[in-house]
Amino acid sequence: MLMNELLEQIYKDASSKIGQGQVAQYIPALADVDPNQFGVAICDIKGNVYSIGDANIPFSIQSISKVYSLTLAMQRLGNKVWDRVGTEPSGLPFNSLVQLEHEQGVPRNPFINAGALVVADMIESSFSTPSLAIKNFARTLAANPDIQIDANVAASEYQHKARNAAMAYLMQSFGNFNNEVEQVLMSYFSSCALKMSCVDLAKSFSYLANKGQCVFSQQRILEEHQTRQVNALMATSGLYDEAGKFAFEVGFPGKSGVGGGIVAIVPGVLSICVWSPALNQTGNSFVGIEALKLLSSHIDWSIY
Ligand code: GLU
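Here the sequence shown is numbered in the working numbering, starting from 488 and rising by one per residue.
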């Protein structure tokens with residue numbers, strides 16, 4: 488099947504699920520988003536981009552940004568990253584504090600909030616203007632100089648920061664946080680508040696499908712073995728508490744965000760972004776998961 492036909496088929500079938508699920512409520516600025524939007528974009532490793540539906544509408548990428556931050560931290564610090572954050576799935580909600588206390592302030596992985604905050608702390612120590620560094624990184628990877636941070640969303644998150652602040656202070660009490668907590672929170676929320684479209688996201692993740700090299704800038708972003716590590720973390724911890732089910736039913740590394748976006752990688756072949764804002768009970772896009780299940784069954788491919 489040709490890529491455009493495949494996209495049309497997936498789009499048509501997954502659209503039947505629009506209307507189910509609920510837009511994230513805990514970040515007020517996200518609660519107003521129209522839940523019925525749906526877009527899909529695919530970027531193959533030759534740089535061909537295919538898209539359908541609302542694939543050019545920028546949305547709040549939220550936790551998908553954790554992959555950019557981790558990548559920047561790995562570029563700067565290499566294996567030292569793993570002294571401060573683990574590589575195991577957590578089995579608990581993404582913003583849980585319980586495990587952090589038990590495990591002495593070392594978060595299970597970089598994709599739960601505590602882990603992303605430690606990574607944000609590493610970035611804070613490595614760049615003079617961390618939020619600008621992440622924005623520029625996203626712009627380069629997506630080959631789009633117009634990508635912006637949504638200041639409203641960042642401010643809204645900052646006003647409702649209590650849980651993330653609690654995690655950061657807890658880690659500070661265990662000696663696993665080096666910078667001013669409030670400052671790191673601002674940088675973290677700014678990266679979550681990046682606004683990007685499905686096309687931007689699919690393009691920007693091309694390096695994870697292409698052994699660490701960005702398809703658009705031709706820059707080496709990560710070494711090959713590091714690329715495998717990031718994909719492995721996405722496969723085991725990228726979809727909140729649904730990572731196991733996602734591996735079972737879809738079989739690709741992926742990373743989701745509460746803005747309703749999900750990015751997935753078919754290593755050596757393509758990167759894909761699906762977006763539809765209404766979420767299932769686990770916090771993943773309802774329609775997005777459906778679209779990725781359809782993609783996997785159509786191309787009959789899994790990393791397993
Ligand atoms: N900025 C959100 C938070 O820290 C990210 C949530 C997400 O997408 O998982 O709660």
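Glycine is no exception: its CB is placed at the ideal position from the N, C-alpha and C atoms.
If you check the beta carbons only, do residue i and residue j fall under 8 Å apart?
i, j, result
"Asn771", "Leu720", "no"
"Glu611", "Asn651", "no"
"Ala765", "Gln507", "yes"
"Gly746", "Ser618", "no"
"Ser556", "Ala511", "no"
"Phe739", "Ser783", "yes"
"Lys648", "Ile636", "no"
"Leu559", "Ala620", "yes"
"Val640", "Leu517", "yes"
"Thr769", "Glu729", "yes"
"Asp531", "Leu781", "no"
"Asn523", "Ile505", "yes"
"Gly578", "Pro594", "no"
"Met609", "Leu564", "yes"
"Met490", "His785", "no"
In the DSSP output, what is residue i paired with across the bridge?
i, result
"Leu757", "Asp531, Val753"
"Gln748", "It is Gly, not Gln, that sits at residue 748 in the sequence shown. Partner(s): Trp762."
"Ser547", "Lys682"
"Ile790", "Looking at the DSSP assignment, Ile790 forms no beta bridge with any residue, so it has no partner."
"Gln700", "Arg707"
"Val536", "Cys530"
"Gln509", "Leu766"
"Ser772", "Leu766"
"Ser743", "Ile749"
"Ile636", "Leu681"
Keeping to the same chain, check which residues put their C-beta closer than 6 Å to that of residue i; ignore five residues upstream and five downstream.
i, result
"Pro515", "Ser643"
"Ala629", "Asp687, Lys690, Ser691"
"Asp538", "The question names Asp, but residue 538 is Ser in the sequence shown. Only Ala528, Val686 meet the Cβ criterion."
"Asp500", "Leu781"
Enumerate in chain order the residues of its own chain whose CB-to-CB distance from residue i is below 7 Å, with the five nearest sequence positions on each side excluded.
i, result
"Pro754", "Ala696, Asn718, Ile790"
"Met654", "Leu584, Leu587, Asn600, Ala601, Leu604"
"Ser502", "Phe525"
"Ala638", "none"
CB-CB under 8 Å to residue i, same chain, minus the five flanking residues each way: which ones, in chain order?
i, result
"Gly741", "Met721, Ala722, Gly725, Leu726, Phe733, Ile749, Val750, Ala751, Ile752, Leu779"
Q | Three CB pairs or more closer than 8 Å across the region 533 to 553 and the region 679 to 696 | A | yes
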